[in-house]
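**Student:** Protein sequences, first through last, are from chains W and F.
Residue numbers for the first sequence follow my numbering, so the first one is 228 and each next one is one higher.
Residue numbers for the second sequence follow my numbering, so the first one is 33 and each next one is one higher.
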Amino acid sequence: MNSLITLPLLIPFFTAIILIFFAKNIPVQRWIATIGSVLTIIAAISLATTVYTNGIQTMNLSNWEAPFGITLVSDMLSALLVVTTSLIAFVCLLYSFKSIGKEREKYYYYPVFFFLILGVNGAFTTGDIFNMFVFFEVMLMASYVLLVLGGMKIQLRETIKYLLVNVISSALFVIAVGYLYSIVGTLNMAHISVRLHELGQSGIVTVIAVLFLIVFGIKGAIFPLYFWLPGSYYAPPAPVMALFGALLTKVGVYSITRTYTLFFTQDVGYTHELLEILSIITIVIGVIGAIAYSDVKKIIIYNIIVAVGVILFGVATLTTEALTGSIFYLIHDMIIKAALFLLIGIMIKIAGSSNLKDMGGLIHRYPGLAWTYFIAALTLGGIPPLSGFMGKVLIVRSGFEAGNYWGAGIVLLSSLFVLFSVMKIFINGFWGEAREYSQKEKQPVKWLLTAPVILTICAVLYGLGTEAIYPIISTAAETLSNPEIYIKAVLKE
Amino acid sequence: MEILMAFLIGIIFMSATYLMLSKSLLRIIVGTGLLSHGVHLLLLTMGGLKTGAAPLLGQHAEAYTDPLPQALILTAIVISFGITALFLVVAYRSYQELGTDNMELMRGKEGNE
């Protein structure tokens, strides 16, 4: 019995409820939001240290014994993701204070923000497949509101598409859970794993595995199902875009990782092969998009797709080393994508346009912005010793060891193109002649810049401290590659 | 009985897909509502259709009905109700703002250069 595990869920939940009562009082809202978000970080970090020292933490809600009730499970992977989520939430909150605008602040921006964090943390923590669906819905509901809040034409239009895509994928999720339930007769994820292994390989399990891949693939934007992402993520303002880009797709990726390491390991030859092929195509498509566009938002959005592909390639390889690499890369990518989205948000605010043709010469008046962006870009490209390097090394090496030369080669090549695409922004946006925006007054960007600077520092430290972080990450990967550890912790056998 | 339910669910899914493929926004929303009904029926069928037993089990009960699918359906109904409500509001608001409910006219070209 451990109630620490619920704190990263309860704190955002109660913060959101309290915030609703102070909707019209902006300064009070900001204070409550800051306190709530700092408390979430503290709770998440103490949870992660507990998990690291004492092993997997579980909690049976309402004292129903493990396979019958809803169980919350925090293994190293989910604890790390909860920490990262809380950190990104805090930083995006700081950024929102100066950029989101009074109107949005008055109309429940902060409460919805915290409901989103609740949903994301919940999806990472839950140990019950149907409860995961519920947390997905909490998260999606909040994301619909964040996407449409402000009511601009583009937001309304894109929200409709986003809503429709997610309603369909939620329906598929329930269908998949229904099929799974009819076979194994349980919803507890550890128990499902046990029952599926007793059942052995059968065709219907493979069908369900692919159905789950479709469901989570829609959320996580893998190859044939990514089509909605570039349009929808283009619409909202920068802090919301950062939250979406850093958290929402990663929840999909986490779910694929969890289900494909815990449940569907009987017919690896089919399911993981499929995942591998799709992840490689995802990388290629993402790279093509990132290079093709000259709009800064689109470039970074397509980079999300590349990262999803890289992480899932590691998951598909399914060795402990590859999984370690994937987790390394997952956390790195969450941090650095949030930083990049916030940075281009500042660029767009200065230039008044998101097209690279309207920028140029930003380095003369905003050197701090330029150099932060430069470091963040190098980090994304995976230049050693920055973060992103270690993850990619592990993924690529285990890819080669598994004999998958094509896939590993494409992952390797993709980092060059990723670097090219973000450097394109640096060269065209920061160097060269200043455009029309230079007639305008200098924008105050100090406060806005603190947010991405914090994240970039975290990313750099994450890269430099690889030696210290490695044991934590490999603990997480250990749990993924040996489902017995997870099962034992939950079912207490 | 299960066979009959399977056909029923299939027909509901078919109609839902047909509606969601149309251009009018309102038809699409009706389609999503129908889809969620189909999903709930599917959950019910997946739990096994039985009559004449209480849903609660003692250790040695001879017959019982599985209560879990009903709990799941209840949760799913509440969620799909909330989402349909939001969807309708967003659709109405965007009809006011964009002046159309035709999905063909709602394509976006921003940033595609």
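Here a beta-carbon is modelled for each residue, glycine too, at the ideal position from N, C-alpha and C.
1) When you compare each of W:Leu569, W:Gly579, W:Trp633, W:Leu589 to Ala603 (chain W) by their alpha carbons, which one comes out closest?
2) Using a cut-off of 8 Å between C-beta atoms, extract the partners of Leu390 (chain W) located in chain F.
3) Would the segment 290-305 of chain W count as touching the segment 705-717 of chain W if we require 3 or more Cβ pairs under 8 Å?
4) Helix or strand or just coil, what does DSSP make of Asn229 (chain W)?
5) Can Leu489 (chain W) and Ser420 (chain W) be called in contact, C-beta distance under 7 Å?
6) Pair every Cβ in the segment 403-419 of chain W with every Cβ in the segment 447-456 of chain W, then say whether three or more of these pairs are closer than 8 Å.
7) Return the Cβ separation of Val514 (chain W) and Phe644 (chain W) in integer angstroms, given the expectation that the two are a contact with Cβ distance under 8 Å.
8) At 8 Å on the CB atoms, spell out the chain W contacts of Met78 (chain F), in chain order.
9) How big is the Cα-Cα spacing for Lys178 (chain W) and Ala565 (chain W)?
10) In this structure, how does DSSP classify Asn252 (chain W) when only helix, strand and coil are distinguished?
11) I want to verify the contact list: residues of chain W whose CB lies under 8 Å from the CB of Met94 (chain F), in sequence order.
12) I'd like to know whether the C-beta of Gly458 (chain W) is nearer than 7 Å to at least one C-beta of chain F.
13) Whole-angstrom Cβ separation of Phe45 (chain F) and Leu67 (chain F), contact assumed at under 8 Å?
14) Suppose you measure from the CA of Val672 (chain W) to the CA of Ile573 (chain W); what does that come to, to the nearest Å?
15) Just grab the DSSP bridge partners of Ser396 (chain W) for me.
16) By DSSP's criteria, Ser56 (chain F) is part of a beta bridge. Which residues make up the other side?
17) Which ranges does the alpha helix (DSSP H) cover as unbroken runs of at least 4 residues, wholly within the segment 447-528 of chain W, from first to last along the chain?
18) Out of curiosity, what's the CA-to-CA distance linking Ser199 (chain W) and Leu383 (chain W)?
19) Can you check the segment 369-422 of chain W for any alpha helix (DSSP H) of at least 4 residues that lies completely inside it and give the ranges in chain order?
20) Below 8 Å on the Cβ atoms is my guess for Ser614 (chain W) versus Gly690 (chain W); work out the distance and round it to an integer in Å.
21) Name the residue from W:Arg485, W:Val511, W:Ile512 whose alpha carbon lies nearest to the alpha carbon of His499 (chain W).
22) State the start and end residues of the unbroken beta strand (DSSP E) segment that holds Leu605 (chain W).
23) Which of the residues in the segment 121-141 of chain F, read from start to end, lie with their CB under 7 Å from any CB of chain W?
24) Could you work out which residues of chain F lie near Met574 (chain W), taking near to mean beta carbons separated by less than 7 Å?
25) With contact counted as at least three CB pairs below 8 Å, one residue from each stretch, are the segment 371-378 of chain W and the segment 463-472 of chain W in contact?
26) Taking Leu100 (chain F) as the reference, give the member of W:Thr413, W:Leu320, W:Trp258 with the closest Cα.
27) Does DSSP put Val672 (chain W) in a helix, a strand or coil?
28) Give me, in chain order, the residues of the same chain whose beta-carbon lies closer than 8 Å to that of Leu307 (chain W); leave out the 5 immediate sequence neighbours on both sides.
29) So, Phe540 (chain W) versus Gly659 (chain W), is the Cβ gap smaller than 7 Å?
30) Ignore the nearest five residues each way along the sequence and tell me which others in Ile41 (chain F)'s own chain have a CB closer than 8 Å to its CB.
31) Thinking Met561 (chain W) and Thr311 (chain W) are a contact (beta carbons under 8 Å), I'd like their distance in whole angstroms, please.
32) Quick one: what does DSSP say Asn287 (chain W) is sitting in, helix, strand or coil?
33) Using DSSP's beta-bridge definition, name the partner residues of Asp355 (chain W).
34) Considering only the beta carbon of each residue, do Leu577 (chain W) and Gln670 (chain W) sit closer than 7 Å?
35) Which residues, taken in chain order from the segment 322-344 of chain W, show a beta carbon closer than 8 Å to some beta carbon of chain F?
36) Give the straight-line distance between the Cα atoms of Leu682 (chain W) and Ile315 (chain W), rounded to the nearest whole angstrom.
**Tutor:** Per the coordinate set shown:
1) W:Leu569
2) Ile115, Leu118, Phe119, Val122
3) yes
4) coil
5) yes
6) no
7) 4 Å
8) Gly405, Tyr406, Tyr408, Ser409
9) Residue 178 (chain W) lies beyond the range of chain W shown here (228 to 720); nothing can be said about it.
10) coil
11) Note on residue identity: the sequence assigns Glu, not Met, to residue 94 (chain F). Simply none; closest approach about 18 Å.
12) yes
13) 7 Å
14) 7 Å
15) DSSP, once it has assigned bridges, lists no residue as partnering Ser396 (chain W).
16) F:Asn134
17) 456-459, 465-470, 476-489, 495-519
18) Residue 199 (chain W) cannot be examined here, being either before or after the span of chain W that is shown, 228 to 720.
19) 380-411
20) 3 Å
21) W:Arg485
22) Element bounds for Leu605 (chain W): not the beta strand (DSSP E) but the alpha helix (DSSP H), 594-608.
23) Val122, Ala123, Arg125, Ser126, Glu129, Leu130, Met138, Gly140
24) Those within 7 Å of Met574 (chain W) in chain F number zero; the least Cβ separation is about 14 Å.
25) yes
26) W:Thr413
27) coil
28) Ala275, Ile554, Ile558, Ile699, Ile700, Ala703
29) no
30) Gly70, Leu73, Leu74, Thr77
31) 5 Å
32) strand
33) W:Asn415
34) Going by the sequence as given, residue 577 (chain W) is Ile instead of Leu. In contact: Ile577 (chain W) and Gln670 (chain W) (Cβ atoms closer than 7 Å).
35) none
36) 8 Å
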